[in-house]
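See structure below.
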Amino acid sequence: MADLWKPAPEPESELGRYRILSPTAGIRVSPLQLGAMSIGDAWSSFMGSMDKGTSFKLLDAFSKAGGNFIDTACNYQDEQSEAWIGEWMAARKNRDQMVISTKYTTDYKSYVLGKGNAPNHCGNHKRSLHMSVRDSLKKLQTDWIDILYLHWWDHTTSIEEIMDSLHILVQQGKVLYLGVSDTPAWVVSAANTYARAHGKTPFCIYQGRWNVLLRDFEREIIPMARRFDMALAPWDVMGGGKLQTKKALDERQKTGEGLRSLLGHGQTEDEVRMSEALAKVAAEHGIESVTAIAIAYVMSKAPYVFPMVGGRKIEHLKDNIQSLKIRLTPEQIAYLESVKPFDVGFPNNFLGEDPHVTGKTAGILVGNASLSWVRSPAAIGNLTAAEDRIRRLEEAFAELLPDADVDEILSSRENGIPQVLPQRKPAPVPRPRHAMSADRTGLRDSASPGAEETLPQKPDGFDWVEETTFSSISDGMAALSIKPEGTGYLGSTSSVMPLRALLVGDLSVDSLNQVPMTSSAMGTAAFPVQFPGPTAPLPEYSENFFIDAYFRYYHTTYPFLHEQTFRAQYEGRSPRPRGETWPILVNTVLALGAWNIGEEDSTMDDTFYHTVNRHMQDTSVFEVGNLALVQALLLLSNYTQKRNKPNTGWNYLGLAVRMALSLGLHKEFPGWKISDLQREMRRRVWWGVYIFDSGASITFGRPVLLPEISIMDANHVMNIHEEHLNSATTSPPNEIASPTIYSSLIVQSKLHQATNPIYHRLISNPPPTAHELLSLQQPIDLWEASIPPYFQLDNPDVQQHDAFILARYRLTWRAANLRIILFRPIVLRWAARRWTAKDISEAEDLEEEQCRQLCLQSARETIASISQYMTTNIPSRLGSWYMLYFLFQAGLIPIIFLITTSTSPSAPSWLDDLRVTKDLLSYAAITNRLAGRCLEVIDRFCAMLLDAEQPEAMLQDPSLFDDVHSMFVGEYGDGMDFLDWSNFGLQPGTLMPLPPGGT
């Protein structure tokens, strides 16, 4: 009796760790089934031979390792399979320990009776069932069959006849459980619905073909199995033995084994690529077996999965068993699936994934209400991996924050209460008023261009690492990386310069407190400005959807590819770039497409970016040069910047520039006999490189490394509609006087041509005087005057296309931003003088005053323009990114004016600018945490004013902002982590679904 409570010993292998078959079948089975199709020698002509002795050894090894689940069929090996299994169980006296499944339907007597002489030994009907089960019981030498499958749907027997006949066998005790194999999901659904409605026995397990290359199971079979609580028994998990490394194939050929002729000779291109991918993942787990990874893959995709493993050698069996210890990561699963992407098709790609599986609302439901979901069981592999990950996270949390209560923090987040984590560093000593005065004196002394470049404390302080997706130091816009360590060099024109200048003396501040903004924290008052809201749900995605999204949202802003050519290459209708260039390019396009339609917390694009990295590891991009690779590097630079990897993007861009120059893209070569499309694509890519390198240099305050204008003679791109130029075009099309997707590229290229010399002067020593700064803005004025009438905002043609509207507004904001950067040092120097009491009475130089007013004017125009854009448009994720980038920089200028001269007669107008900025950020913060943190910056400066009942009256107090600087520093002396710039985007329901064609 004491042994009753004694735990069972650990199994010899994971094969002996039994599982419940399904929620509707409580029988205990081993996690892998031994597929007995190979047991026998009657089919040796296409499956190889396996005599009885070898078969018994394989069965013994399977049983000894803990396996008890064996699958066969009435016809396998012309009935030898069932017969030999029966003999083996009789010899080993282990029938009661084994779980045997077999099948009826397939003709199993024509090999004896002759073709055409066994019409009723085949099919789903009652007579076929009766004879097949009678004979299977005899061959298996048993009184019952544990699981009886309908082998395949015959299209003729009624569902009622099938289920009634099968149920009788269950009632008789000849069959315990029912399964179905190789049958459409609608048939199984109808059969189980009928069975449940009429008190019959339903199917509890489905068997069919499923592997990492053939994923049709995911379309209807897996959802059906979840609905009816059915187990899954995939066969061909190893691709008929064709998912093998080259080394393994060579060894098989040496022994004369080869591959199954039943499934064709040799490997396909997809099988070769997938085998290589499986081998890579296997290496990450420290094993060589690709079959183990292939088995682990299907077991990671759904609950109650019992893969069929075959093979004729005990080594094969041992190889398969080791799959049970493997836990694939989500990244590894995504990588394998990226080798041959799968489209679930309509309506699944329209309705979205089952929220019971994902735990998230999808499809049209997102526009209805905020819903919570009880999730269906997860795959055992995924669940175990998730549990391991949670355990490791908890250990890391306890080590990093020993004084924090995890449960309390989680509870506060669920209740919408911001939770400030306890810090491991001491709180700063309160700073006396004289210290703040000294800091402001330092600001005055450092406010000239070049001098405010904050230096790190260590000689390697500019070193940076961006291996992880979410960096706590860098930011893609270089706007809040206050502390210089670990961010790379950010120069005097970078976006963070105003905050670094304001916080001089407090360089311990790396970013603002990471208190997530909630709707309650922002307030629920109606905004003075009304913005258009969400209009339709965002559908779930297929690979084609991401490509459509790229060409709809990104390509219309940055047209560096030729859509017709790219789609033809993607569909295999046109030759693709050689080597690894194509997978790098196509996955970059997919990543950008996914990012453009992604939500704030979405990581859809990560899958494709990881694939890009893997392909780059397979080949050296430093040893290859072609136009497609320049396109990929160019797009990668922009993608990684927007994913919070600014220095990574900078490096990609630098390589793109060098490679473009090596290909002579900056040269026109009029005598070169190439097609009009090829020549035009060279121009589009070159000017794309030009505007990206110019813009990034300004953003990060680094020198532009492009050639001088006199060295370049590449013509600007043509202002044409894309469809007017293709590979069949024999003469260049005429340019048109109306907006196209290339208009913005042309106009922005000319802007940087005009202003890059200005920028270089601005970052040079000695710094320009106020007089020189006023003259430096003249090229910007001339550029604005040169923009053609058809590309002005008031042109009806521009207003008809969202992409044209965004492109035109963005150019307006960019030009204003250049003026802000140009005159901002004067503003900071003026503010520093005003903040020091002895300097208040000093007369201001008239030209400096003019510079200061021009900076303020540009900032106010930017705020007004962005407000107008947001009032009349629903921004895409790309549009939102640029809106926030330019708005935050502009919004700091009236704040500086308010802090410095709050009693000025113009102060109420600056207060209005501040209110508009806060309204815009508040609207953006509804769907984005980062906008809420930018809002916190403003509140830390001006909350006492913005929250007052009569703020205009408070402006008359000259001491209103005396303590602003000390208020800006957080309780723990730390600040905002800028990781969420990368996730600035729209929540579900804010974009219309893509129409057919995607453009």
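Letter by letter, the sequence shown follows residues 456 to 1454 of our numbering. We treat Cβ as the ideally placed atom computed from N, Cα and C, and that holds for glycine.
1. Quick one: give me the first and last residue of the beta strand (DSSP E) that A686 is part of.
2. Could you check the C-alpha separation between K697 and V1112 for me, to the nearest Å?
3. Pull up the CB-CB distance for I1059 and I1039, whole angstroms please, since I reckon it's below 8 Å.
4. Are there 16 or more other CB atoms within 10 angstroms of the CB of G541, so buried, or fewer, so exposed?
5. Indicate the three-state DSSP secondary structure (helix, strand or coil) for A480 in the structure shown.
6. Would you kindly report the start and end of the unbroken alpha helix (DSSP H) that includes V635?
7. Would you mind working out which of Y1378, W1285, H606 and P1234 sits nearest A1225, comparing C-alpha positions?
8. For E467, which three-state DSSP category applies?
9. Taking only runs that begin and end inside the stretch 1382 to 1419, name each unbroken alpha helix (DSSP H) of 4 or more residues, in chain order.
10. Tell me the DSSP secondary structure of L1277 in three-state form.
11. Buried or exposed: which applies to N1220, given that a residue is buried once 16 or more other Cβ atoms fall within 10 Å of its Cβ?
12. By how many angstroms is the C-alpha of V1253 removed from the C-alpha of Q1247?
13. Three or more C-beta pairs under 8 Å: does that hold for the stretch 756 to 768 against the stretch 474 to 490?
14. Between N1272 and F1341, how many whole angstroms is the CB-CB distance? I'm expecting something under 8 Å.
15. May I have the straight-line CA-CA distance separating H606 from G571, to the nearest angstrom?
16. Give a yes or no on whether the C-beta atoms belonging to S1198 and N1181 are separated by under 9 Å.
17. Residue range of the beta strand (DSSP E) that K558 falls in?
18. Mind checking which residues open and close the beta strand (DSSP E) that includes D526?
19. If the criterion is Cβ atoms closer than 9 Å, does the pair T1358 and P1280 meet it?
20. Measuring CB atoms only, is the stretch 731 to 742 touching the stretch 473 to 484, in the sense that at least three cross pairs come out at less than 8 Å?
21. What does a CB cutoff of less than 7 Å around T1184 pick up in its chain, not counting 5 residues either side in sequence?
22. Give the straight-line distance between the Cα atoms of I1052 and M544, rounded to the nearest whole angstrom.
23. In whole angstroms, what separates the C-alpha of R1315 from that of D1367?
24. State the CB to CB distance for the pair L1200 and I1146, rounded to an integer number of angstroms; the pair is presumed to be in contact (CB under 8 Å).
25. Okay, do the stretch 592 to 610 and the stretch 556 to 573 touch, 3+ Cβ pairs below 8 Å being the bar?
26. State buried or exposed for M679, treating a residue as buried only when at least 16 other CB atoms are found within 10 Å of its CB.
27. Out of G1387, T1382, T723 and N1081, state which residue places its alpha-carbon closest to the alpha-carbon of R1032.
28. Taking only three categories from DSSP, how would you classify D1367?
29. I need the straight-line Cα distance from K1100 to Y1337, nearest angstrom please.
30. What's the C-alpha gap between N1042 and D1402?
31. Tell me whether K1128 is buried or exposed, calling it buried when 16 or more other Cβ atoms sit within 10 Å of its Cβ.
32. Have a look at I1329 and G1156 and give me their C-alpha separation to the nearest angstrom.
33. Indicate the three-state DSSP secondary structure (helix, strand or coil) for V1159 in the structure shown.
34. If you draw a straight line from the C-alpha of L470 to the C-alpha of E998, how long is it?
35. Contact between the stretch 773 to 786 and the stretch 747 to 757 is defined here as three or more beta-carbon pairs at a separation below 8 Å; is this criterion met?
36. Specify the secondary structure class of G1143 as computed by DSSP and reduced to three states.
In short, the structure shows the following:
1. A686 to W690
2. 43 Å
3. Sequence check: residue 1059 is Met here, not Ile. Between I1039 and M1059 the Cβ distance is about 18 Å, and since that is not below 8 Å, they are no contact.
4. buried
5. strand
6. Careful: V635 lies outside any alpha helix (DSSP H), inside the beta strand (DSSP E) at V630 to S636.
7. W1285
8. coil
9. 1384 to 1401 and 1406 to 1409
10. helix
11. exposed
12. 7 Å
13. yes
14. 6 Å
15. 20 Å
16. no
17. V554 to Y559
18. F524 to D526
19. no
20. no
21. D1131 and L1132
22. 58 Å
23. 10 Å
24. 7 Å
25. yes
26. buried
27. In the sequence as displayed, the identity of residue 1032 is Pro instead of Arg. Of G1387, T1382, T723 and N1081, the residue nearest in Cα terms is N1081.
28. helix
29. 16 Å
30. 48 Å
31. exposed
32. 31 Å
33. coil
34. 37 Å
35. yes
36. helix
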